[in-house]
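Novice:
Protein chains: 2
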Amino acid sequence: INILEPKMKVPELMKNIDIVNQGESYSLNVSKAKTPKLGKGEVLLKVFSSGINRADIFQSQGKYPPPSGASNILGLEVSGEVIKKSADVHTLNIGDKVCALLSGGGYAEYASAHSELCFLIPENIDKFSASALPEAIFTIWHNIFQLGNLTKNETILIHGGSSGIGTMGIQIAKIFKNRIIVTAGTEEKCEACINLGADEAINYRKNDFLSYIQNNVPTKRVDVILDMVGGEYIEKNIRLLRYNGRLIFIAFINGSKVNIDLLKVMTKKLIITGSTLRSQSLENKIEIAKSIRKNLWPLAKSGHIKPVIDSTYSFTKAMEAHNRMKSGEHIGKILLINK
Amino acid sequence: INILEPKMKVPELMKNIDIVNQGESYSLNVSKAKTPKLGKGEVLLKVFSSGINRADIFQSQGKYPPPSGASNILGLEVSGEVIKKSADVHTLNIGDKVCALLSGGGYAEYASAHSELCFLIPENIDKFSASALPEAIFTIWHNIFQLGNLTKNETILIHGGSSGIGTMGIQIAKIFKNRIIVTAGTEEKCEACINLGADEAINYRKNDFLSYIQNNVPTKRVDVILDMVGGEYIEKNIRLLRYNGRLIFIAFINGSKVNIDLLKVMTKKLIITGSTLRSQSLENKIEIAKSIRKNLWPLAKSGHIKPVIDSTYSFTKAMEAHNRMKSGEHIGKILLINK
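Right, here's the structure in full:
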């Protein structure tokens, strides 16, 4: 593969975050690793910032190994500057500032990214905050709109409304004129969701979401549910969906093993599905990226979609960033900043 | 509603089959009921034959009440002659011989049917056997092809391959160039499925279908599963599906309450769905009918799709027809003949 020479000198070794004692009591340390080599269609980014995802915690705990071929280094999304590119990349130039979806390798000084999974950072979004966009936008667009086929005027229930994914989901569903109900764990989180555009925010510590919606929401039922909780939510979700409803899983924080009655899946013609981004082929991800470039990126450029940032941690504080996510107190995204 | 006058005299009362002692030990008796009145878009059929469906048994047992507005009389599909029609029906003429999907009322001398759910009987199919087509064709087309999006060269597993639905599914999937695996309960049934075009027929009394497919079928996994069994099949189905696989329920003979792990739904991006015909709106059924008229009816006319008839019973032997279905010994459809 021909690699165009970088303007910036790229060292052979770079700083990265290593997982020490992978398992429940892991820790994260700054270490050195080889700077990534580029494959076909790839660019090398000097990383500004890396978005923290729950998958990073699972990987650190040894529960979520990276797919074959992916970097062992944590980090599924970054923002950065293109400093080197494979000769077959024509859509990006050296010096471009982008954010990118990765299949690993984000917690590092440099990261390789597929050019088709890079997006130019909109002018109104700062170069660090942009790293909060890729995972959330890809996840919301693919699951809610592509798999879930959420249609104008339909009602969507988003569990975990104040998460990085949830805060993005509220904004996008609002733009597409959907009625939005979310669940969240504190009054402060509920308020944040309402401020972002949710029509109803249910504090699940105070109210059972099923009976709350049945008793307080005019529609009583919902068309689409984005679930990252699983466990005892699953049967309630199925009861809450109207005819032709769609239940979409993007995580199972409370577990995926359940005792359920699937009869309503048939009688209500429900669709149960879900996805993880990382398990999808590069071709699939590129297809999703094309659809996002067409349907959503103009909305990020125009300021209608903004990253919601909970907190930022400097590179040496990666473990504190993970602890913040584990605390469950965050609203929006947590970032790891390379400066 | 204007009703065009029939050429044949229609009596006020007609023969029908009544459920006596609805419940587990029900019986079926010939009785008298009012001849149906016609609504907008409907035609009155002098019934030649009525197809027996498992739903009829569930209804007789009191487990499957007819939807509101539907006839209380059993029977979800018939063949018959149009002897009267609502004035707004322009697609059918008095004297046309058709088969029709009903939401009830088939076990009778006369039945009303929506004109859009009637299909002219192809010349190569006799007027009795035609009553075996509607439920099977609608079920297969809607579930496997519309919901399941079965695509050329994909592999489909049909549980209950020798049932009325199964025998139709094999024929249609064959035409659309799919690899077809079925399960059935005897060697004779397996042979019938192979003769209809199945590539593999697994006798589930001799072999576990999951390990059989994993060890003996080159693809090892399947793309689409049509399941009418449920119960312990469900987890096995989920394990057997490849990435992007679809699991579609049309019945739960072994129950719908299960203990399962839904993790693979997310990691393999599966779709779990299903439907019953009767619970769908008239508009939905008409949409399905349009697609069938375009995609499948020409294949019935050309002799590529044929009803597979297990046995026929005269009108007074309805209970024997039900007992035949309950025995599970049938291959193909059981019909109730009005002669």
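Line order of the protein sequences matches chains A and B. Numbering follows this note's numbering, with no gaps: position 202 of the first sequence is 202. Just remember that this note's numbering sits 1000 ahead of the position in the second sequence, which is counted from 1. Ideal Cβ positions, reconstructed from N, Cα and C, are used throughout, including at glycine.
Is the stretch 284 to 296 of chain A touching the stretch 133 to 151 of chain A in the sense that three or more CB pairs, one from each, lie closer than 8 angstroms?
Specialist: Yes, since at least three Cβ pairs between the stretch 133 to 151 of chain A and the stretch 284 to 296 of chain A fall closer than 8 angstroms, the two stretches touch.
Novice: Under the rule that 16 or more other beta-carbon atoms within 10 Å means buried, what is residue 1187 of chain B, buried or exposed?
Specialist: For the purposes of this step, residue 1187 of chain B is identified with residue 187 of the second sequence, where counting begins at 1. Exposed: under 16 other Cβ atoms inside 10 Å.
Novice: At 3 residues or longer, and completely inside the stretch 1192 to 1237 of chain B: list those beta strand (DSSP E) runs for me, N to C.
Specialist: You should have 1200 to 1203 and 1222 to 1227.
Novice: First and last residue of the alpha helix (DSSP H) that includes residue 1323 of chain B?
Specialist: Counted from its first residue, the second sequence places residue 1323 of chain B at position 323. Segment 1318 to 1327, the alpha helix (DSSP H) holding residue 1323 of chain B.
Novice: For residue 89 of chain A, tell me which candidate among A:337, A:117 and A:21 has the shortest Cα-Cα distance.
Specialist: Within the first sequence, numbered from 1, the residue matching residue 89 of chain A stands at position 89. Among A:337, A:117 and A:21, the Cα nearest to that of residue 89 of chain A is on A:117.
Novice: Go through its chain and collect everything with a Cβ distance to residue 1272 of chain B's Cβ below 7 angstroms, but skip five positions before and after it.
Specialist: Taking the second sequence and counting its residues from 1, one reaches residue 1272 of chain B at position 272. Closer than 7 angstroms at Cβ, skipping near neighbours: 1247 and 1265.
Novice: What runs of the beta strand (DSSP E), each 3 residues or longer, lie entirely inside the stretch 53 to 124 of chain A?
Specialist: Listed in chain order, they are 77 to 86, 97 to 101, 110 to 114 and 118 to 120.
Novice: Which value, in whole angstroms, describes the spacing of the CA atoms of residue 255 of chain A and residue 1079 of chain B?
Specialist: In the first sequence, counting from the first residue as 1, residue 255 of chain A sits at position 255. In the second sequence, counting from the first residue as 1, residue 1079 of chain B sits at position 79. The straight-line gap from Cα to Cα measures roughly 50 angstroms.
Novice: Please report the residue range of the beta strand (DSSP E) in which residue 30 of chain A lies.
Specialist: In the first sequence, counting from the first residue as 1, residue 30 of chain A sits at position 30. Run containing residue 30 of chain A: 27 to 34, per the beta strand (DSSP E) assignment.
Novice: Report the CB separation of residue 1162 of chain B from residue 1206 of chain B in whole angstroms; it is logged as a contact under 8 angstroms.
Specialist: Residue 1162 of chain B sits at position 162 when you count from the first residue of the second sequence. Residue 1206 of chain B sits at position 206 when you count from the first residue of the second sequence. Actually they do not touch by this definition, with Cβ atoms about 15 angstroms apart.
Novice: Along the stretch 1259 to 1275 of chain B, where does the CB come closer than 9 angstroms to a CB of chain A? Name the residues.
Specialist: Taking 9 angstroms as the Cβ-Cβ cut-off against chain A, the residues of the stretch 1259 to 1275 of chain B that qualify are 1259, 1260, 1261, 1262, 1263, 1264, 1265, 1266, 1267, 1268, 1269, 1270, 1271, 1272, 1273, 1274 and 1275.
Novice: Cα-Cα, which of B:1213, B:1208, B:1174 and B:1212 is closest to residue 1194 of chain B?
Specialist: Position 194 of the second sequence, counted from the first residue, corresponds to residue 1194 of chain B. Minimum Cα distance to residue 1194 of chain B is reached at B:1174.
Novice: Could you name the residues of the same chain whose beta carbon sits closer than 8 angstroms to that of residue 1010 of chain B, not counting the 5 residues immediately before and after it, in chain order?
Specialist: Taking the second sequence and counting its residues from 1, one reaches residue 1010 of chain B at position 10. For residue 1010 of chain B, where only same-chain residues beyond five positions count, the Cβ hits under 8 angstroms are 1035, 1044, 1083, 1084 and 1110.
Novice: Of all Cβ atoms in chain B, is any one closer than 8 angstroms to the Cβ of residue 234 of chain A?
Specialist: Residue numbering aside, residue 234 of chain A sits at position 234 when the first sequence is read from its first letter. Yes, contact with chain B.
Novice: Closer than 7 angstroms, Cβ to any Cβ of chain A: which residues of the stretch 1035 to 1066 of chain B, in chain order?
Specialist: Against chain A - using a Cβ distance shorter than 7 angstroms - the stretch 1035 to 1066 of chain B contributes no residues.
Novice: If contacts are defined as beta-carbon pairs under 8 angstroms, then residue 1147 of chain B and residue 1222 of chain B qualify, I think. What distance do you get, rounded to the angstrom?
Specialist: Locating residue 1147 of chain B in the second sequence gives position 147, where the first residue counts as 1. Locating residue 1222 of chain B in the second sequence gives position 222, where the first residue counts as 1. So it is not a contact: roughly 16 angstroms between Cβ atoms.
Novice: Given residue 212 of chain A, which residues of its chain have a CB within under 8 angstroms of its CB, disregarding the five upstream and five downstream residues?
Specialist: For this step, residue 212 of chain A is matched to residue 212 along the first sequence. Excluding residues within five positions, the ones whose Cβ falls inside 8 angstroms are 202.
Novice: What are the partner residues of residue 1257 of chain B, as DSSP defines its beta bridges?
Specialist: Within the second sequence, the letter at position 257 stands for residue 1257 of chain B. Beta-bridge pairing links residue 1257 of chain B to A:261.
Novice: So is residue 345 of chain A buried or exposed if we call it buried at 16+ other beta carbons inside 10 Å?
Specialist: Not covered by the structure: residue 345 of chain A. The range shown for chain A is 1 to 339.
Novice: Could you tell me the alpha carbon to alpha carbon distance between residue 59 of chain A and residue 66 of chain A, rounded to whole angstroms?
Specialist: Along the first sequence, one-based indexing puts residue 59 of chain A at 59. Along the first sequence, one-based indexing puts residue 66 of chain A at 66. Looking at the two C-alpha atoms, the distance is approximately 7 angstroms.
Novice: Assign residue 1095 of chain B to buried or exposed, taking buried as 16 or more other Cβ atoms, counted over all protein chains shown, within 10 Å of its Cβ.
Specialist: The sequence position of residue 1095 of chain B within the second sequence is 95, counting from 1. Under this definition residue 1095 of chain B is an exposed residue.
Novice: For the beta strand (DSSP E) containing residue 1333 of chain B, name the first residue and the last one.
Specialist: One-based indexing of the second sequence puts residue 1333 of chain B at position 333. Segment 1333 to 1337, the beta strand (DSSP E) holding residue 1333 of chain B.
Novice: Taking Cβ positions only, does residue 256 of chain A come closer than 8 angstroms to chain B?
Specialist: Working through the first sequence from its first residue, we reach residue 256 of chain A at position 256. Output row for residue 256 of chain A: interface = yes.
Novice: Would you say residue 1145 of chain B reaches chain C, if we count a Cβ-Cβ gap shorter than 8 angstroms as a contact?
Specialist: Chain labels in this structure do not include chain C; the protein chains are A and B.
Novice: Is there a Cβ from chain A that is less than 8 angstroms from the Cβ of residue 1249 of chain B?
Specialist: Along the second sequence, read from residue 1 onward, the residue named residue 1249 of chain B stands at position 249. Judged by the 8 angstroms Cβ criterion, residue 1249 of chain B is in contact with chain A.
Novice: Could you give the C-beta distance for residue 71 of chain A and residue 39 of chain A, rounded to a whole number, given that I count them as a contact under 8 angstroms?
Specialist: Within the first sequence, the letter at position 71 stands for residue 71 of chain A. Within the first sequence, the letter at position 39 stands for residue 39 of chain A. Contact doesn't hold; Cβ gap of about 12 angstroms is too wide.
Novice: Give the single residue among A:27, A:73, A:21 and A:26 whose Cα lies nearest to the Cα of residue 14 of chain A.
Specialist: In the first sequence, counting from the first residue as 1, residue 14 of chain A sits at position 14. Of the listed residues, the one whose Cα sits closest to residue 14 of chain A is A:73.
Novice: Which bits of chain A does residue 1279 of chain B rub up against, with CB to CB less than 9 angstroms?
Specialist: Counting from 1 along the second sequence, the entry for residue 1279 of chain B is found at position 279. Those within 9 angstroms of residue 1279 of chain B in chain A are 243, 266, 267, 268 and 269.
Novice: Rounding to the nearest angstrom, what Cα-Cα distance links residue 1217 of chain B and residue 1125 of chain B in this structure?
Specialist: If you number the second sequence from 1, residue 1217 of chain B lands on position 217. If you number the second sequence from 1, residue 1125 of chain B lands on position 125. Near 35 angstroms, if we compare the C-alpha coordinates of residue 1125 of chain B and residue 1217 of chain B.
Novice: Looking at the strands, I want to know which residues DSSP matches up with residue 246 of chain A.
Specialist: Numbered from 1 along the first sequence, position 246 holds the residue referred to as residue 246 of chain A. Its beta-bridge partners are A:224 and A:271.
Novice: Should residue 209 of chain A be flagged as near chain B, meaning a C-beta pair shorter than 8 angstroms?
Specialist: The sequence position of residue 209 of chain A within the first sequence is 209, counting from 1. Not an interface residue.
Novice: Using only alpha-carbon positions, find the residue among B:1263, B:1250 and B:1258 that is nearest to residue 267 of chain A.
Specialist: As a working mapping, residue 267 of chain A is identified with position 267 in the first sequence. Among B:1263, B:1250 and B:1258, the Cα nearest to that of residue 267 of chain A belongs to B:1250.
Novice: To the nearest whole angstrom, what separates the beta carbons of residue 132 of chain A and residue 307 of chain A, a pair I think is in contact under 8 angstroms?
Specialist: Position 132 of the first sequence, counted from the start, is the residue given in the question as residue 132 of chain A. Position 307 of the first sequence, counted from the start, is the residue given in the question as residue 307 of chain A. Sure, about 4 angstroms apart at Cβ, within 8 angstroms.
Novice: Quick check: residue 244 of chain A and residue 269 of chain A, are their CB atoms within less than 8 angstroms of each other?
Specialist: Here residue 244 of chain A refers to the residue found at position 244 when the first sequence is read from its first residue. Here residue 269 of chain A refers to the residue found at position 269 when the first sequence is read from its first residue. Cβ distance < 8 angstroms, so residue 244 of chain A and residue 269 of chain A count as in contact.
Novice: Quick check on this structure: which residue in A:48, A:229 and A:336 has the alpha carbon closest to the alpha carbon of residue 209 of chain A?
Specialist: Along the first sequence, one-based indexing puts residue 209 of chain A at 209. When only C-alpha atoms are compared, the closest one is A:229.
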